[in-house]
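Quick note: the numbering used here has the sequence shown finishing at residue 216, numbered continuously throughout.
Beta carbons: idealized from backbone N, C-alpha and C, even for Gly.
If you're wondering where the values come from, they're calculated on a predicted model, not measured in any experiment.
Encoded as structure tokens, the structure appears first; notes follow it.
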Amino acid sequence: MQNKKILVIEDEASIRDMLRFALERVDFLVSVAADAPSARLRIAESRPDLILLDWMMPGTSGVDYARELKAAPQTRDIPLIMVTARAEEEDKIRGLNIGCDDYVSKPFSFPELIARIQAVLRRSMPGGEEERLAVAGLQVDAASQRVTAKGEPVRLGPTEYRLLHFFISHPERVYTREQVLDRVWGQNVYVEERTVDVHIRRLRKALEPFGYDGMIQTVRGTGYRFSERV
-13 MQNKKILVIE DEASIRDMLR FALERVDFLV SVAADAPSAR LRIAESRPDL
37 ILLDWMMPGT SGVDYARELK AAPQTRDIPL IMVTARAEEE DKIRGLNIGC
87 DDYVSKPFSF PELIARIQAV LRRSMPGGEE ERLAVAGLQV DAASQRVTAK
137 GEPVRLGPTE YRLLHFFISH PERVYTREQV LDRVWGQNVY VEERTVDVHI
187 RRLRKALEPF GYDGMIQTVR GTGYRFSERV
């Protein structure tokens, strides 16, 4: 995780400086921006490995800028953590639906924030495995972290990739949401179980144009299963 580049987008200078100090203490390379226009310049200068984005910003809001980042081919794959004082569950779900990989509510502890950043970065990194996993024309190449459907590329965010890799590695087995959280997010990361549902929907949406969304099956009252059988 050392020397990973983090872009902090936060309009309050005091919070921005504290975040920079805390992240640099654990060897992250940190750049900062106070708003969306300056963030665009920072990204053009040096592509970050992860973006820490404040929900409330002047001009373009964090929510709108997150949509912009996830819509652009150049930035859609950059992991994104939303930082905000909005703690209601509906707001969290809204942030995840936009494409954010995690959500941290203010006030937060720096150890928790660092743990969440490290967990998201781990999920976004290739697993290093040499294998290629394939089911009925859907293929996951673990070494390159690419997914193809009948030879066509499937664009997935880092969390959706990890979900698919986990499920295709364990076909025909039913997993509870808690088990999926432990396997995909990690046991030491505090994430609500409903987060799994959000990312499952995003994974299905990405697979739907190729006809593979039905492989991610809901098992009522239990959780989820990956199967090519209807």
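Kindly indicate which residue of the options has the alpha-carbon position closest to the one of residue i.
i: Leu66; options: Ala129, Gln104, Ala122, Phe212; result: Gln104
i: Glu218; options: Gly85, Pro195, Lys92; result: Because the chain spans -13 through 216 in this model, residue 218 falls outside it and cannot be assessed.
i: Ala129; options: Lys136, Arg148, Val121; result: Arg148
i: Pro34; options: Gln60, Arg53, Pro44; result: Gln60
i: Val12; options: Leu99, Ala57, Leu193, Glu214; result: Leu99
i: Thr208; options: Pro23, His185, Arg163; result: Arg163
i: Phe153; options: Val69, Ile186, Gly123; result: Ile186
i: Asn83; options: Glu138, Phe96, Met68; result: Met68
i: Ala71; options: Arg215, Arg26, Ile37, Trp41; result: Trp41
i: Pro139; options: Ala192, Leu107, Pro157; result: Ala192
i: Phe96; options: Val170, Arg6, Lys(-9); result: Arg6
So, using beta-carbon positions, are residue i and residue j closer together than 7 Å?
i: Leu9; j: Asn(-11); result: no
i: Arg109; j: Asp88; result: no
i: Tyr198; j: Ala135; result: yes
i: Glu214; j: Ala122; result: yes
i: Leu107; j: Leu36; result: yes
Within a Cβ cutoff of 7 Å, which residues of the same chain sit near residue i, ignoring the five residues on either side of it in sequence?
i: Leu150; result: Val126, Val133, Leu142, Leu189
i: Pro44; result: Asp(-3), Asp21
i: Gly172; result: Ala105
i: Arg28; result: Leu(-7), Ser17, Ala19
For residue i, collect the residues of the same chain with a Cβ closer than 8 Å to its Cβ; drop the 5 residues on either side in sequence, then sort them by chain order.
i: Arg2; result: Val(-6), Glu(-4), Val18, Ala20
i: Arg62; result: Leu55, Lys56, Gly85, Arg141, Gly143
i: Ser155; result: Leu119
List the endpoints of the continuous beta strand (DSSP E) containing residue i.
i: Val106; result: Premise fails: Val106 lies in the alpha helix (DSSP H), 96 to 110, not in any beta strand (DSSP E).
i: Val(-6); result: -9 to -5
i: Arg211; result: 209 to 212
i: Ser17; result: 15 to 19
i: Thr61; result: Neither: Thr61 is in no beta strand (DSSP E) and is coded neither H nor E.
i: Met68; result: 66 to 70
i: Ala8; result: Here Ala8 belongs to no beta strand (DSSP E); instead the alpha helix (DSSP H) covers -1 to 11.
i: Ser217; result: Summary: the structure shown does not reach residue 217, with the chain confined to residues -13 through 216, and so no result is reported for it.
i: Arg206; result: Looking at the DSSP string, Arg206 is not in any beta strand (DSSP E), and its letter there is neither H nor E.
i: Arg169; result: Careful: Arg169 lies outside any beta strand (DSSP E) and carries neither H nor E.
Go to residue i, then tell me how far its alpha helix (DSSP H) extends in each direction, as first and last residue.
i: Arg190; result: 180 to 193
i: Lys56; result: 48 to 57
i: Ala30; result: 22 to 31
i: Arg163; result: 163 to 166
i: Leu149; result: 144 to 155
Quick one: what's got a C-beta closer than 6 Å to residue i's C-beta in the same chain, skipping five residues either side?
i: Arg211; result: Val160, Gln203, Val205
i: Met4; result: none
i: Glu(-2); result: none
i: Gly200; result: none
i: Glu158; result: Ser213
Comparing the CB of residue i with every heavy atom of the ligand FMN, is any distance shorter than 6 Å?
i: Phe152; result: Although the ligand FMN was asked about, the structure shown includes no ligands whatsoever.
Does the pairing of the stretch 87 to 94 with the stretch 43 to 51 give three or more beta-carbon distances under 8 Å? no
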